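S.K.: Can you read through this structure? Questions will come right after.
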Amino acid sequence: MRAWMATALLSLAGLLLALYLYLYKLGLIGQLACGTGGCETVQLSPYSRFLGIEVPLIGVLGYATLLILSILSLQAPRDPRWPRLLLWLSAAGLMFTGYLTYLELFVIRALCRWCVGSAVTILLIFVAAWLGRRGGEALP
Amino acid sequence: MAATPAGVNRFYYLLAGVALIGAIVLALLVFRRPPVSIPANVVIQPNDTSGFHGYYLGSDSARLTVTEYADYECPACQQFMTVQMPTIEERLIRGGQVRWRYRDFPLEQHRHARTAAHAAACADEQGQYWPMNRRIYSWEPQWPSQRDASATFRDYARALGLDVAKYDACMTSARYAGRLQASLLEGQGAGVQSTPTFLINGRLYPGGNAVHYDMLKGLLDSLQGQPPR
Chain A
1 MRAWMATALL SLAGLLLALY LYLYKLGLIG QLACGTGGCE TVQLSPYSRF LGIEVPLIGV
61 LGYATLLILS ILSLQAPRDP RWPRLLLWLS AAGLMFTGYL TYLELFVIRA LCRWCVGSAV
121 TILLIFVAAW LGRRGGEALP
Chain B
1001 MAATPAGVNR FYYLLAGVAL IGAIVLALLV FRRPPVSIPA NVVIQPNDTS GFHGYYLGSD
1061 SARLTVTEYA DYECPACQQF MTVQMPTIEE RLIRGGQVRW RYRDFPLEQH RHARTAAHAA
1121 ACADEQGQYW PMNRRIYSWE PQWPSQRDAS ATFRDYARAL GLDVAKYDAC MTSARYAGRL
1181 QASLLEGQGA GVQSTPTFLI NGRLYPGGNA VHYDMLKGLL DSLQGQPPR
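Residue numbers (this note's numbering), protein chains in the order written: chain A, 1 to 140; chain B, 1001 to 1229.
So this is what it looks like as structure tokens:
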């Protein structure tokens, strides 16, 4: 249960962070609280879209789904479907974040602190989901 | 470790509290008018430069083209644009002898230079580039000493009769950041090291006193009988 609480809180944090970046992409927030300019470089690069969809929007939808799955796992602790889905989705999110971090470091050559924050968040969600599922499977 | 139902309920309150605080912070960020910042280290895209070679004034059949690399926040540029330029414009540009090409060369030490250049680019979208250029160079009020000069540029846009909503959308999108950077790189590639610097017939003339009406008139006289440059 503690693991799903952790994934829920982290997913909410990730959702707010992704929403902040998406609002910036929509032009509703003039300036990112970042300071280095790296975030603007990343956000204004052609890689800020994936298959025609804004990357922050993918983050918003992904974190919202993870939040819903965490709450479902909390609500039905003996149902293995939700923790399993949560683990798979967080693994997919982690791989996608790995791809984006590669683009930042080696293609765009600029690092956005907010994106690093999101990468750490999805990594922690994956670890908590994995630990939670291991703990859940050990239950009688 | 399993949590009790009461513990889960308490957690939901915590989750709702965090969500509420997050939503309030995001709403405050959206509804306050933040100072506009135009990023410098952008990746230049092909459409930033395609078909755009600067802001032109005057006939394209003029005998001489002058390219000016300038920074809105540079005092020497301001001096040139308010003292020398009106005479050059009235006597040589309107007369069809000289064509002016303005290129942005925002210097790093000038914190409002890019915002100013971007404000002019947004005015250009609505066909008001040169009126905005003159307004910004008027330095009235003294926006270089302001903390947030973007509010003054917005006032200029309103005074010129621009559609302010469109202007705001243009500024917050920073859509001309790449174009500004490309302009700066073009100047650096041509050998520009300070502002203003003028490029005439392949030769650089640095400094606000390097180009004036008499100088250009003399140059035009020396070109009598030669094809336009």
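Glycine is no exception: its CB is placed at the ideal position from the N, C-alpha and C atoms. Because the structure is a prediction, the values reported are computed rather than measured.
(1) State yes or no: is the C-beta of Gly62 (chain A) within less than 9 Å of the C-beta of Tyr22 (chain A)?
(2) How far does the beta strand (DSSP E) with Trp1100 (chain B) in it reach, from first residue to last?
(3) Looking at the secondary structure, which residues open and close the beta strand (DSSP E) in which Arg1111 (chain B) lies?
(4) Opposite Ser1192 (chain B) in the DSSP bridges: which residues?
(5) Look up Thr1152 (chain B) in the DSSP assignment and give the residues it is bridged to.
(6) Where does Leu141 (chain A) sit, in a helix, a strand or coil, going by DSSP?
(7) So, for Asp1071 (chain B): in the same chain, excluding its five sequence neighbours on each side, which residues have a beta-carbon less than 7 Å away from its beta-carbon?
(8) Which class does Leu1199 (chain B) belong to by DSSP, given the choice of helix, strand or coil?
(9) My assumption, with CB atoms under 8 Å, is that Met1 (chain A) sits in contact with Leu67 (chain A). Please give the rounded CB distance.
(10) Starting from Ala143 (chain A), find everything on chain B with Cβ-Cβ shorter than 7 Å and list it in chain order.
(11) Roughly how many angstroms lie between the CA atoms of Arg113 (chain A) and Pro1075 (chain B), to the nearest whole one?
(12) Using C-beta distances below 7 Å, list every residue in its chain close to Glu137 (chain A), excluding the 5 sequence neighbours before and after it, in chain order.
(13) Mind pulling the chain C residues with CB within less than 7 Å of Leu19 (chain A)?
(14) For Ile58 (chain A), does the three-state DSSP call read helix, strand or coil?
(15) Cβ of Ser90 (chain A) less than 9 Å from any chain B Cβ?
(16) Could you check which residue in B:Gln1079, B:Gln1146, B:Leu1064 and B:Gly1022 has the C-alpha nearest to that of Gly948 (chain B)?
(17) Using a C-beta to C-beta distance shorter than 7 Å, which residues of chain B count as neighbours of Ser45 (chain A)?
(18) Applying a beta-carbon distance threshold of less than 7 Å, which residues of chain A neighbour Ala1019 (chain B)?
(19) Going by DSSP, what residues sit across from Leu1204 (chain B) in a beta bridge?
(20) How long is the line joining the alpha carbons of Gly35 (chain A) and Val55 (chain A), rounded to whole angstroms?
(21) List, in chain order, every chain A residue whose beta-carbon is nearer than 7 Å to that of Val1164 (chain B).
(22) Could you tell me which chain B residues have their CB closer than 9 Å to the CB of Leu74 (chain A), listed as they occur along the chain?
(23) Take every Cβ of the segment 1022–1042 of chain B, pair it with every Cβ of the segment 1050–1066 of chain B, and state whether three or more of those distances are shorter than 8 Å.
(24) State whether the segment 109–128 of chain A contacts the segment 1–19 of chain A, with contact taken as three or more CB pairs (one from each stretch) at a distance under 8 Å.
(25) Could I get the ranges of all uninterrupted beta strand (DSSP E) runs contained in the segment 1004–1075 of chain B, with 3 residues as the minimum, in chain order?
M.R.: By the coordinates alone:
(1) No. Outside cutoff.
(2) From DSSP, the beta strand (DSSP E) with Trp1100 (chain B) extends over Val1098 to Asp1104.
(3) That residue, Arg1111 (chain B), is in no beta strand (DSSP E); it is neither H nor E in DSSP.
(4) What sits at residue 1192 (chain B) in the sequence shown is Val, not Ser. Note: Val1192 (chain B) sits in no beta bridge, so no partner.
(5) According to DSSP, which records beta bridges pairwise, Thr1152 (chain B) is partnered with nothing at all.
(6) An answer regarding residue 141 (chain A) cannot be provided, because it is not within the stretch 1 to 140 covered by chain A.
(7) Excluding positions up to five away in sequence, the list reads Cys1077, Phe1105, Pro1106, Leu1107, His1110, Ala1113 and Thr1195.
(8) Note: Leu1199 (chain B) maps to strand in three-state DSSP.
(9) Going by Cβ atoms, the distance from Met1 (chain A) to Leu67 (chain A) rounds to 16 Å, so no, they are not a contact pair.
(10) Outside the displayed range of chain A (1 to 140) lies residue 143 (chain A), so it cannot be described from this structure.
(11) Between Arg113 (chain A) and Pro1075 (chain B), the C-alpha separation is close to 36 Å.
(12) The predicted position of Glu137 (chain A) is uncertain, since its pLDDT is 43 and thus under 50; a value taken from the coordinates is nonetheless stated next. Sequence-distant partners of Glu137 (chain A) (beyond 5 residues in either direction) whose C-beta falls short of 7 Å from its own C-beta are missing from its chain.
(13) No chain C appears in this structure, whose protein chains are A and B.
(14) It is helical.
(15) No, Ser90 (chain A) lies away from the interface with chain B (no Cβ there is under 9 Å from its Cβ).
(16) Because chain B spans 1001 through 1229 in this model, residue 948 (chain B) falls outside it and cannot be assessed.
(17) Listed along chain B are Val1043, each with a C-beta nearer than 7 Å to that of Ser45 (chain A).
(18) Going along chain A in sequence order, the residues near Ala1019 (chain B) (Cβ under 7 Å) are Leu12.
(19) Looking at the DSSP assignment, Leu1204 (chain B) forms a beta bridge with B:Leu1199.
(20) A caution first: Gly35 (chain A) carries a pLDDT of 45, below 50, which makes its placement in the model too unreliable to give a value.
(21) Chain order gives no chain A residues near Val1164 (chain B), where near means a beta carbon separation below 7 Å; the closest approach is about 15 Å.
(22) Those within 9 Å of Leu74 (chain A) in chain B are Ala1003, Val1008, Phe1011 and Tyr1012.
(23) The segment 1022–1042 of chain B, when compared against the segment 1050–1066 of chain B, does not touch it at the 8 Å Cβ threshold.
(24) Touching, per the Cβ criterion.
(25) For the segment 1004–1075 of chain B, whole beta strand (DSSP E) runs of length 3 or above, ordered along the chain, are 1055–1057 and 1064–1070.
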